[in-house]
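Each remark here refers to the structure printed beneath this line.
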Amino acid sequence: MIQVAFELPEEVLSAMRKDPESFTWELRLAAAVKWYEMELVSQSRAAEIAGLSRREFIDALGRFQVCVFQYSVEEIAEEVERE
Numbered sequence: 005m006i007q008v009a010f011e012l013p014e015e016v017l018s019a020m021r022k023d024p025e026s027f028t029w030e031l032r033l034a035a036a037v038k039w040y041e042m043e044l045v046s047q048s049r050a051a052e053i054a055g056l057s058r059r060e061f062i063d064a065l066g067r068f069q070v071c072v073f074q075y076s077v078e079e080i081a082e083e084v085e086r087e
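Oh and the sequence shown: position 38 is 42 in our numbering, straight run, nothing missing.
Here it is, written out as structure tokens:
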């Protein structure tokens with residue numbers, strides 16, 4: 005496993021009222037959700053990045069108000085028309 009380290013001002017953790025471990029977990033989750041939303045990673049890979057099961061990641065998508073499906077309305081309409 006690769007470990008990535010970066011520096012943040014202590015005020016960031018204080019402002020968010022998080023300890024380093026909680027902040028790190030939330031940062032991983034936020035990154036995974038955003039990358040999934042941008043269609044850079046699959047749902048399974050995003051769950052892995054976040055350190056969650058796929059089911060837990062799907063629940064997190066709901067909390068972040070991100071659609072579980074990576075299809076646009078136009079793509080869905082096209083698919084329906086084909087059938």
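No residue lacks a Cβ here, since even glycine has one placed at the ideal position from N, Cα and C.
Source: prediction; values computed, not measured.
Does the distance from the CB of F27 to the CB of M20 come in under 8 Å? yes
Reducing DSSP to helix, strand and coil, say where G55 ends up. coil
Please state whether DSSP places Y75 in a helix, a strand or coil. coil
Please classify R37: is it buried, with 16 or more other beta-carbons within 10 angstroms of its beta-carbon, or exposed? Reading the sequence as shown, one finds Val at residue 37 and not Arg. Buried, because 16 or more other Cβ atoms sit within 10 Å of the Cβ of V37.
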